[in-house]
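Participant:
Numbering (our numbering), first residue to last: 8 to 256.
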């Protein structure tokens with residue numbers, strides 16, 4: 008199956024190799040940048056959430072117990088809500104990141120207040136159990152929103168991949184042209200070398216001159232084609248020597 012998908016032409020093989028390498032490098036760079044952005048966003052979000060939760064607990068601790076239910080909606084946020092209830096088994100084996108988060112929150116709470124992660128119900132949510140100064144329990148349910156990606160990022164990635172494909176096509180096309188020129192030059196050059204041993208014969212000399220003229224024509228055509236893809240510039244002294252060699256022979 009792989010042999011059927013592998014193209015026979017030089018252009019197709021070089022295009023697949025170059026395009027695959029560039030795409031892999033580009034996608035890996037894109038993923039690394041996205042993960043780094045998400046890590047920074049999560050770290051800043053955790054710091055902000057710790058301050059916000061500590062302030063909410065301070066408000067609930069300050070108001071009268073009968074007024075606390077009215078404050079729950081005010082201190083709740085889009086991704087987490089407060090409930091005046093307790094319960095749940097404490098989580099003991101916490102990852103390092105969650106240990107750092109709970110330690111940051113405890114450092115912001117007032118004396119007599121505490122916070123611990125408890126096993127959630129349902130398991131899809133994270134649950135944080137806290138106690139106010141008077142011992143009243145407060146449960147915080149966290150609704151994890153997941154990673155957010157801007158809608159324009161996939162479109163930008165697709166556009167960049169199209170640009171990469173276009174430049175790969177240009178590069179491989181030029182390689183194909185140069186390879187074709189080299190292939191066409193092999194035959195007359197080989198014949199010229201084989202007949203160089205018979206320069207004493209006038210007929211062989213005429214054939215050698217014909218091969219040189221053919222070589223000159225192919226070189227000129229190849230340079231004209233290559234100039235369409237790059238600024239090669241005017242012919243150098245080496246080019247002039249090649250063009251003048253048939254006449255000197």
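Beta carbons are placed, not taken as given, at the ideal position from N, Cα and C, and that holds for glycine.
Where do the N-terminal and C-terminal ends of the alpha helix (DSSP H) with residue 107 fall, by residue?
Facilitator: Note, residue 107: alpha helix (DSSP H), 103-115.
Participant: What whole-angstrom Cβ distance do residue 171 and residue 33 have, given they're in contact under 8 Å?
Facilitator: 6 Å
Participant: Which same chain residues end up closer than 6 Å to residue 27 when comparing Cβ atoms and leaving out the 5 residues on each side of it in sequence?
Facilitator: none
Participant: The alpha helix (DSSP H) with residue 76 in it runs from where to where?
Facilitator: 75-82
Participant: Quickly, what does DSSP pair residue 122 with across the bridge? List them, please.
Facilitator: 137
Participant: Can you tell me whether DSSP reads residue 158 as helix, strand or coil?
Facilitator: Taken through DSSP and simplified to helix, strand or coil, residue 158 comes out as coil.
Participant: What are the partner residues of residue 213, as DSSP defines its beta bridges?
Facilitator: Paired residue(s): none; residue 213 is not in a bridge.
Participant: For the candidate residues 103, 195, 122 and 118, whose alpha-carbon lies nearest to that of residue 112?
Facilitator: Taking only the C-alpha atoms, the option nearest residue 112 is 122.
Participant: Quick one: Cα of residue 120 to Cα of residue 76, how far?
Facilitator: Those two C-alpha atoms are separated by around 19 Å.
Participant: For residue 89, which residues does DSSP report across the bridge?
Facilitator: 147
Participant: Tell me whether residue 40 is buried or exposed, calling it buried when 16 or more other Cβ atoms sit within 10 Å of its Cβ.
Facilitator: exposed
Participant: Decide if residue 251 is buried, meaning its Cβ has at least 16 other Cβ atoms within 10 Å, or exposed.
Facilitator: Low per-residue confidence applies at residue 251: pLDDT is 41, beneath 50, and the placement is therefore not dependable, though the value from the model is reported in the following sentence. Exposed is the call here.
Participant: Can you name, in chain order, every residue of its own chain whose Cβ lies under 8 Å from the Cβ of residue 70, other than the five neighbours on each side?
Facilitator: Contacts found: 78.
Participant: Give me, in chain order, the residues of the same chain whose beta-carbon lies closer than 8 Å to that of residue 168; leave out the 5 immediate sequence neighbours on both sides.
Facilitator: 30 and 33
Participant: Pull up the distance between the alpha-carbon of residue 53 and that of residue 159, whole angstroms please.
Facilitator: 26 Å
Participant: In whole angstroms, what separates the C-alpha of residue 187 from that of residue 213?
Facilitator: 27 Å
Participant: Run the CB neighbour count on residue 63, radius 10 Å, all protein chains shown included, and call it buried at 16 or more, exposed below.
Facilitator: Buried is the call here.
Participant: Given a threshold of 16 other Cβ atoms within 10 Å of its Cβ, counted over all protein chains shown, does residue 124 qualify as buried or as exposed?
Facilitator: buried
Participant: Are the CB atoms of residue 146 and residue 139 within a distance shorter than 8 Å?
Facilitator: no
Participant: Output needed for residue 150: all residues of its chain with C-beta closer than 7 Å, excluding positions within five of it in sequence on either side, in chain order.
Facilitator: Same-chain partners within the cutoff: 86, 87 and 132.
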